[in-house]
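According to UniProt numbering, the stretch in the sequence shown is residues 2 to 256, in order.
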Amino acid sequence: RLTSLHEALTKRRKHGQKSLAVLLDPDQLDEASCQHLLELCESYPVDYFFMGGSLVMNSRQAALIRFIKSRSAVPVLLFPSHSLHLDDQADGILLLSLISGRNPDFLIGQHVLAAPLLRQSNLQILPTGYMLVDTGRQTTASYMSGTTPLPHDKPAIAACTAMAGEQLGLRLMYLDGGSGAMYPVSPAMIRAVRQVVEVPLIVGGGINTVEKAQATLAAGADVIVIGNQIEKTPEFLGEMSKVVQSFNTVLNVNQ
Ligand code: 1GP
């Protein structure tokens, strides 16, 4: 069954439309900062909020989702690192299979634990092939998952991994340098993955300048994810929103 969130992403991909996702880490964001961000979103459109972190050290996630849902129509997608991080108040869940790694717990184990809870929930499920990429230093995600990330300069490995993920039925691919990556996933790797899979491609990690966002989108990302830089400087949202819109405007003019 295709969910409406998945359908919308696929339609946007088909029409070459780009999207902006903002990663919200419940450990870092308090209500006042969240309110400020939601106000900025009124001037600078955001397509998705991703909610999660490799470590969730406090129990603020539920309150934060409630806060956002009461004030904003932007869909909230859970971006969980563990089956404990489910919350029915969100709109959907990126059900991540960590296909860059060889740790069965994050390929199927956590999913088995989550399955009955997901079945009872109203969350839209987005099966996602999640690929961690080595971007200069060990990230929390790679440490916590006990997996080796894809080598940064081996686009062919990423392409074959994504291909396998699509053949297994995964509906989205996510190339992630990990939060706070020293440099983003390379355009060469994004292009290599883009060439071999049809499904929407999400790319994030270390995108902290306009140039990096442009290069990521130009290489073939359908969705860019920004976390740290917006956390540090919420106004960066304006710049990112404009970059994404500029790609979509060119598209509209040419259509
Ligand atoms: C990490 O892709 C996200 O999972 C976002 O990374 O925090 O570096 O923007 P940043």
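Just so you know, even glycine gets a beta-carbon here, dropped at the ideal spot from N, CA and C.
Pair within 8 Å by beta-carbon distance, residue i and residue j
| i | j | result |
| --- | --- | --- |
| A189 | G207 | no |
| I191 | G205 | no |
| G53 | S82 | yes |
| P235 | L41 | yes |
| L202 | M164 | no |
| V245 | K19 | yes |
| L78 | Y49 | yes |
| G221 | L24 | no |
| H7 | R172 | yes |
| G110 | S146 | no |
| I66 | D31 | no |
| A22 | F51 | yes |
| L238 | Y45 | yes |
| A160 | V197 | yes |
| V134 | D177 | yes |
Whole-angstrom distance between residue j and residue i, CA atom to CA atom
| i | j | result |
| --- | --- | --- |
| A116 | H153 | 33 Å |
| Q125 | R138 | 33 Å |
| Y144 | N104 | 12 Å |
| T136 | G179 | 8 Å |
| T148 | P27 | 24 Å |
| S242 | I231 | 11 Å |
| I158 | M132 | 11 Å |
| N253 | L114 | 44 Å |
| G166 | T210 | 30 Å |
| Q215 | N249 | 12 Å |
| E43 | S73 | 9 Å |
| G130 | L108 | 9 Å |
| L39 | P76 | 12 Å |
| T140 | S60 | 22 Å |
| V100 | Q62 | Sequence inspection shows Ile at residue 100; the Val mentioned does not correspond to that position. Cα to Cα, the separation comes out at about 26 Å. |
| S247 | P150 | 32 Å |
| T4 | K233 | 33 Å |
| S34 | V47 | 16 Å |
| K12 | G93 | 17 Å |
| Y162 | D223 | It should be noted that the sequence gives Thr, not Tyr, for residue 162. In a straight line, the C-alpha of T162 is about 18 Å away from that of D223. |
| R195 | Q29 | 32 Å |
| S98 | H112 | 8 Å |
| V57 | A64 | 13 Å |
| residue 258 | S55 | The question about residue 258 has no answer here: the residues shown for the chain are numbered 2 through 256. |
| E199 | Q168 | 11 Å |
| N123 | A193 | 35 Å |
| F80 | E240 | 24 Å |
| K213 | R14 | 20 Å |
Burial state of residue i (16 or more Cβ within 10 Å)
| i | result |
| --- | --- |
| G170 | exposed |
| H37 | exposed |
| V251 | exposed |
| R120 | exposed |
| L118 | exposed |
| L10 | buried |
| L127 | buried |
| Q90 | buried |
8 Å Cβ cutoff, residue i in contact with chain D
| i | result |
| --- | --- |
| L21 | No chain D appears in this structure, which consists of one protein chain only. |
Query raised in the report: Which parts of the region 170-239 are runs of the beta strand (DSSP E), unbroken and 3 residues or longer, counting only runs that do not cross its ends?
Result: When DSSP assignments are scanned along the region 170-239, the uninterrupted stretches of beta strand (DSSP E) that are 3 or more residues long and fall wholly within it turn out to be 173-177, 202-205, 224-227.
Query - Runs of alpha helix (DSSP H) wholly within the region 37-82 (minimum 4 residues, chain order) - result: Correct list: 61-70.
**Report entry** alpha helix (DSSP H) runs wholly inside the region 102-165, at least 4 long, in chain order
**Finding:** You should have 111-121, 141-146.
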